[in-house]
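Taking it in order: structure first as structure tokens, then the write-up.
2 protein chains.
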Amino acid sequence: MSSWALDYETANCTIGAALAIVGEKWTFLVLREAFNGIRRFDDMRRRTGAPRQILSDRLARLVAEGLLRRAPYREDGQRTRYEYRLTEKGIDLFPVMVALLGWGDKHARPADGPAVLLTHRDCGAPVTLRLGCADGHQIESARQVTPVPGPGARRVA
Amino acid sequence: MSSWALDYETANCTIGAALAIVGEKWTFLVLREAFNGIRRFDDMRRRTGAPRQILSDRLARLVAEGLLRRAPYREDGQRTRYEYRLTEKGIDLFPVMVALLGWGDKHARPADGPAVLLTHRDCGAPVTLRLGCADGHQIESARQVTPVPGPGARRVA
DNA sequence: GATGCTAGGTCTAGTTGACAGACTTAGCAA
DNA sequence: TTGCTAAGTCTGTCAACTAGACCTAGCATC
Numbered sequence: 000m001s002s003w004a005l006d007y008e009t010a011n012c013t014i015g016a017a018l019a020i021v022g023e024k025w026t027f028l029v030l031r032e033a034f035n036g037i038r039r040f041d042d043m044r045r046r047t048g049a050p051r052q053i054l055s056d057r058l059a060r061l062v063a064e065g066l067l068r069r070a071p072y073r074e075d076g077q078r079t080r081y082e083y084r085l086t087e088k089g090i091d092l093f094p095v096m097v098a099l100l101g102w103g104d105k106h107a108r109p110a111d112g113p114a115v116l117l118t119h120r121d122c123g124a125p126v127t128l129r130l131g132c133a134d135g136h137q138i139e140s141a142r143q144v145t146p147v148p149g150p151g152a153r154r155v156a
Numbered sequence: 000m001s002s003w004a005l006d007y008e009t010a011n012c013t014i015g016a017a018l019a020i021v022g023e024k025w026t027f028l029v030l031r032e033a034f035n036g037i038r039r040f041d042d043m044r045r046r047t048g049a050p051r052q053i054l055s056d057r058l059a060r061l062v063a064e065g066l067l068r069r070a071p072y073r074e075d076g077q078r079t080r081y082e083y084r085l086t087e088k089g090i091d092l093f094p095v096m097v098a099l100l101g102w103g104d105k106h107a108r109p110a111d112g113p114a115v116l117l118t119h120r121d122c123g124a125p126v127t128l129r130l131g132c133a134d135g136h137q138i139e140s141a142r143q144v145t146p147v148p149g150p151g152a153r154r155v156a
């Protein structure tokens, strides 16, 4: 089998663009903690294990890219400091998180089961991720999906 | 707001385990091409842009982890060589791919639109990823999801 | 108005990983 | 036996990561 993909460029694939932002080492762990409600530098550091400098870099990058924003806070007897909160752009990564968690739970499961479960806030039932199509069909496997060149596709010269 | 997450360890979070396998630089691009039907070393190299040595490392790692398998093939006038095909474990990463593509298309879109579209093989309609809960409710936003400690959760000492 | 406290950094030196480009390998054909 | 080709490996260079020490800026207490 030869793939149609060979005839097209990869330069403008948005997966590459997405990975350029969130694909660096530690970045995704930082986002995981952000989704867990962690907002402060030292908490992030403890929970991700990232070296301070790296964490500093990654937070700055995520703020620059608009996935996190810095918000001031103040504890009694302390000066004003800043914490990091997810923006809508960051929150939009949630499905990626859920998908990765699902894969990890299935294929890299620790003996005693998942450490975290996602539940529907309103009813408590476990959250699931489903593939479907715009016509309402359920899709069970990647084999039922056909990638086709989109409007931004460019043929290889 | 203080997060419940602070009371629990992160060591056994499966997102971390998943990222340890697929979170290295280039690895995800290699998998993207695998989903595009690319199987051969040189095609991978051209399409991902990864240096030969890195690609070689990543492919070996993915084979060792069971996401790809080596399969022999033979072109006329050539000796037998090996190509790399997704295993079920690899194919199970498809939702992560779709989620990342969706995010990229929304937030890092090139001017002329997405380079690749995913369509349902049977009806041609675009593929979508939906969050829901086991009770059948549709979930629109990460804000409707509550993470809770699972069976594998361990309190911080 | 000097001192200590603390979260959130920065600085430095050493190690690991990525990179480009040249070189190697193994079987088939002529 | 020579050439051809896909799929690597080897080498030197350079960038990224890492651990650990150090710095910073307000607030409170003295």
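Chains as they are written, first to last, in numbering that gives the first Met the number 0: chain U, 0 to 156; chain S, 0 to 156.
Where is the CB? At the ideal position from N, CA and C, for every residue including glycine.
CB contact below 8 Å: Phe93 of chain U versus chain S:
To locate residue 93 of chain U, count along the first sequence from 1; it is residue 94. With 8 Å as the cut-off, Phe93 of chain U counts as an interface residue toward chain S.
Own chain, CB closer than 6 Å to Ala70 of chain U, minus 5 neighbours either side, in chain order
Indexing the first sequence from 1 puts residue 70 of chain U at position 71. Excluding sequence neighbours, Ala70 of chain U sits near Glu82 and Arg84.
In angstroms with no decimal places, state the Cα-to-Cα distance between Ala110 of chain U and Val95 of chain S.
Position 111 of the first sequence holds residue 110 of chain U. Position 96 of the second sequence holds residue 95 of chain S. Each residue's alpha carbon lies about 23 Å from the other.
From what residue to what residue does the beta strand (DSSP E) around Gly131 of chain U run?
One-based indexing of the first sequence puts residue 131 of chain U at position 132. Residues Val126 to Cys132.
Say whether chain U places a C-beta atom closer than 8 Å to the C-beta of Met0 of chain S.
The count along the second sequence starts at 1 and reaches residue 0 of chain S at position 1. Reliability fails at Met0 of chain S, whose pLDDT of 41 lies under 50, so the model's placement of it is uncertain and the value that follows must be treated cautiously. Chain U places a beta carbon closer than 8 Å to that of Met0 of chain S, counting this residue as a contact.
Taking Cβ positions only, does Val29 of chain U come closer than 8 Å to chain S?
As a first step, residue 29 of chain U is located in the first sequence; it is residue number 30 there, counting from the start. With 8 Å as the cut-off, Val29 of chain U does not count as an interface residue toward chain S.
I want to see whether chain U comes within less than 8 Å of Phe34 of chain S, judged by CB atoms only; does it?
In the second sequence, the residue the question calls residue 34 of chain S occupies position 35. When Cβ-Cβ separations below 8 Å define contact, Phe34 of chain S makes contact with chain U.
With 16 other Cβ atoms within 10 Å as the buried cut-off, status of Gly103 of chain U:
Residue numbering aside, residue 103 of chain U sits at position 104 when the first sequence is read from its first letter. When all chains shown are included, Gly103 of chain U counts as buried.
Below 8 Å between beta carbons: does that hold for Asp134 of chain U and Leu5 of chain S?
For the purposes of this step, residue 134 of chain U is identified with residue 135 of the first sequence, where counting begins at 1. For the purposes of this step, residue 5 of chain S is identified with residue 6 of the second sequence, where counting begins at 1. Note that the C-beta distance between Asp134 of chain U and Leu5 of chain S is not below 8 Å.
Looking only at C-alpha atoms, which of S:Glu32, S:Cys132 and S:Ser55 sits nearest to Pro146 of chain U?
In the first sequence, the residue the question calls residue 146 of chain U occupies position 147. With distances taken between CA atoms, Pro146 of chain U lies nearest to S:Glu32 out of S:Glu32, S:Cys132 and S:Ser55.
May I ask which residues mark the beginning and end of the alpha helix (DSSP H) holding Val155 of chain U?
Taking the first residue of the first sequence as position 1, residue 155 of chain U is located at position 156. Note, Val155 of chain U: premise wrong, no alpha helix (DSSP H); not H, not E.
Buried or exposed: which applies to Ala16 of chain S, given that a residue is buried once 16 or more other Cβ atoms fall within 10 Å of its Cβ?
Numbered from its first residue, the second sequence carries residue 16 of chain S at position 17. Buried.
Hey, is Gly149 of chain S's beta-carbon within less than 8 Å of any beta-carbon in chain U?
Locating residue 149 of chain S in the second sequence gives position 150, counting from the first residue. Yes, because at least one Cβ of chain U sits closer than 8 Å to the Cβ of Gly149 of chain S.
May I ask you to list the residues that DSSP assigns as paired with Gln137 of chain U?
As a position in the first sequence, residue 137 of chain U is number 138, starting the count at 1. Partner(s): U:Gly131.
If you measure from the beta carbon of Gln52 of chain S to each beta carbon in chain U, is any gap under 8 Å?
On the second sequence, position 53 is the one that residue 52 of chain S refers to. Chain U, which has no Cβ nearer than 8 Å to the Cβ of Gln52 of chain S, makes this no.
Best match in S:Arg73, S:Gly65, S:Arg78 and S:Thr79 for proximity to Thr86 of chain S [C-alpha to C-alpha]
Numbered from 1 along the second sequence, position 87 holds the residue referred to as residue 86 of chain S. For Thr86 of chain S, the nearest C-alpha among the options comes from S:Gly65.
Could you tell me the distance, in whole angstroms, from the CA atom of Asp56 of chain S to the CA atom of Leu30 of chain U?
Locating residue 56 of chain S in the second sequence gives position 57, counting from the first residue. Locating residue 30 of chain U in the first sequence gives position 31, counting from the first residue. Put simply, the backbone Cα of Asp56 of chain S is about 27 Å away from that of Leu30 of chain U.
Classify Pro169 of chain U as buried or exposed, calling it buried when 16 or more other Cβ atoms lie within 10 Å of its own Cβ.
The shown model of chain U, from 0 to 156, leaves out residue 169 of chain U, and the question about it has no answer.
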